[in-house]
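Quick note on numbering: this note's numbering labels position 83 of the sequence shown as 97, and the sequence is numbered without any gaps.
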Amino acid sequence: MEISETFWNASMEELKRGYIEESDAYLCLLCGEEVEKGIVYPHENILYEAERYMRIHIEANHQSVFDYLLGLDKKLTGLTDHQKKLLRLFHQGKSDADVQKELGIGSASTIRNHRFVLKEKERQAKTFLAMMELLKEKDEHAPAFVPLHKTARMIDDRYNITQEEQEEIVKKFFPEGPKGHLEKFPPKQKQRLVVIKEISKHFDSERTYDEKELNQVLKPIYEDYVMIRRYLIEYGFLDRKADGSRYWLKK
Numbered sequence: 015m016e017i018s019e020t021f022w023n024a025s026m027e028e029l030k031r032g033y034i035e036e037s038d039a040y041l042c043l044l045c046g047e048e049v050e051k052g053i054v055y056p057h058e059n060i061l062y063e064a065e066r067y068m069r070i071h072i073e074a075n076h077q078s079v080f081d082y083l084l085g086l087d088k089k090l091t092g093l094t095d096h097q098k099k100l101l102r103l104f105h106q107g108k109s110d111a112d113v114q115k116e117l118g119i120g121s122a123s124t125i126r127n128h129r130f131v132l133k134e135k136e137r138q139a140k141t142f143l144a145m146m147e148l149l150k151e152k153d154e155h156a157p158a159f160v161p162l163h164k165t166a167r168m169i170d171d172r173y174n175i176t177q178e179e180q181e182e183i184v185k186k187f188f189p190e191g192p193k194g195h196l197e198k199f200p201p202k203q204k205q206r207l208v209v210i211k212e213i214s215k216h217f218d219s220e221r222t223y224d225e226k227e228l229n230q231v232l233k234p235i236y237e238d239y240v241m242i243r244r245y246l247i248e249y250g251f252l253d254r255k256a257d258g259s260r261y262w263l264k265k
């Protein structure tokens, strides 16, 4: 799924808990799941009111907000793989000595230095966030960029695309409309990303497909459906079993 503008516009407290409260529902910021207020929801033979059920949903489907955020691409978190490992261990309540032993690096003082570096990143992030909030008040020419999808394999210049550019690309390559036939496969990477994202919308996020079923969806869209299938996987929209027997939309 895409990381929506709702996610990016959420307050820090809303991000920490992983959902927002709307007038008549609670919305999961991590996957878009919505639970309606005033309805009782069952889970493991126990009934829960909507907000409590939303917290259970996050735990059952995402482990935790922390795990979800830590799993985002480096371009979104600014964290190296090593820093992610450190943060995960710190989040588990490990002492510096425990972390040093588990990672097999340096000494406990080395781990304390890593904590200091992470604290510096926190201060820098707060400063930058404040500047960007102030910039919004003055920058009247900022374009509306297309939201990223969280399962992207690699975030690069292909994602530097505005809503207006996306609409133009869709009209150009899908003259019958986004649910119609693909006129031709785009030559440019940015165009390909937009086209593949549109094609991914043909799949049901709640089911899995065998190869034959997958091909049946893709064949009416474009004659080289094998290539389209490959790009759907390469760009992180589809996942599959190692033997290619089952496919599903990544969430």
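By construction, the Cβ of each residue, glycine as well, lies at the ideal position given by its N, Cα and C atoms.
Residues bridged to residue i (per DSSP)
i	result
Ala39	Glu50
Leu252	Leu263
Tyr223	Tyr261
Leu61	Pro56
Ile34	Leu41
Given residue i as reference, the closest of the options once Cα atoms are compared
i	options	result
Arg69	Gln203, Leu84, Val49 and Tyr261	Val49
Ile53	Gln230, Glu63 and Phe142	Glu63
Leu100	Gln114, Lys89, Val184 and Leu228	Gln114
Ala39	Arg66, Leu29 and Pro56	Arg66
Lys198	Leu29, Tyr236 and Tyr245	Tyr236
Ser25	Thr124, Glu147, Pro201 and Ile119	Glu147
Span separating the alpha-carbon of residue i from that of residue j
i	j	result
Ile247	Asp253	6 Å
Ile60	Ala111	41 Å
Arg72	Val79	Residue identity differs from the one stated: residue 72 is Ile in this sequence, not Arg. So the alpha carbons of these two residues sit roughly 7 Å apart.
Glu58	Asn75	14 Å
Asp218	His195	19 Å
Gln177	Lys211	13 Å
Met15	Pro192	Bear in mind that a pLDDT of 45 at Met15, under 50, signals an unreliable position, so the model cannot answer this.
Gln229	Val184	In the sequence as displayed, the identity of residue 229 is Asn instead of Gln. Whole-angstrom Cα-Cα distance: 22 Å.
Pro56	Gly92	38 Å
Gln138	Glu27	19 Å
Glu36	Ile213	30 Å
Glu47	Ser109	36 Å
Arg122	Ile34	In the sequence under discussion, the amino acid at residue 122 is Ala, which differs from the Arg named in the question. Cα to Cα, the separation comes out at about 39 Å.
Gln77	Gly258	27 Å
Tyr261	Met241	15 Å
Trp22	Leu117	33 Å
His105	Leu29	17 Å
Glu181	His216	17 Å
Leu90	Lys140	15 Å
Tyr173	Lys204	7 Å
Glu149	Lys135	Strictly speaking, residue 149 in this sequence is Leu, with Glu absent from that position. The straight-line gap from Cα to Cα measures roughly 21 Å.
Ala144	Glu151	11 Å
Beta-carbon proximity check, residue i vs residue j, cutoff 8 Å
i	j	result
Thr20	Leu41	yes
Arg102	Leu86	no
Phe251	Leu232	no
Val269	Ile175	Given a span of 15 to 265 for the chain in the structure shown, any question on residue 269 remains unanswerable.
Asn206	Tyr245	Asn is not the amino acid found at residue 206; the sequence shown has Arg there. Cβ distance < 8 Å, so Arg206 and Tyr245 count as in contact.
Contact with chain C by residue i, beta-carbon distance below 8 Å
i	result
Glu178	Chain labels in this structure do not include chain C; a single protein chain is all it has.
Any non-hydrogen atom of the ligand ADP within 7 Å of residue i CB
i	result
Phe21	Ligands in the displayed structure: none, and consequently the ligand ADP is not present.
Legend entry - the stretch 94-105 touching the stretch 118-134, judged by at least three CB pairs closer than 8 Å: Yes: the two stretches touch, three or more of their Cβ pairs being nearer than 8 Å.
Inset, instruction - Evaluate the contact criterion for the stretch 178-190 versus the stretch 219-231: three or more CB pairs, one atom per stretch, below 8 Å. - result: The stretch 178-190 makes no contact with the stretch 219-231: fewer than 3 CB pairs, one atom from each, lie closer than 8 Å.
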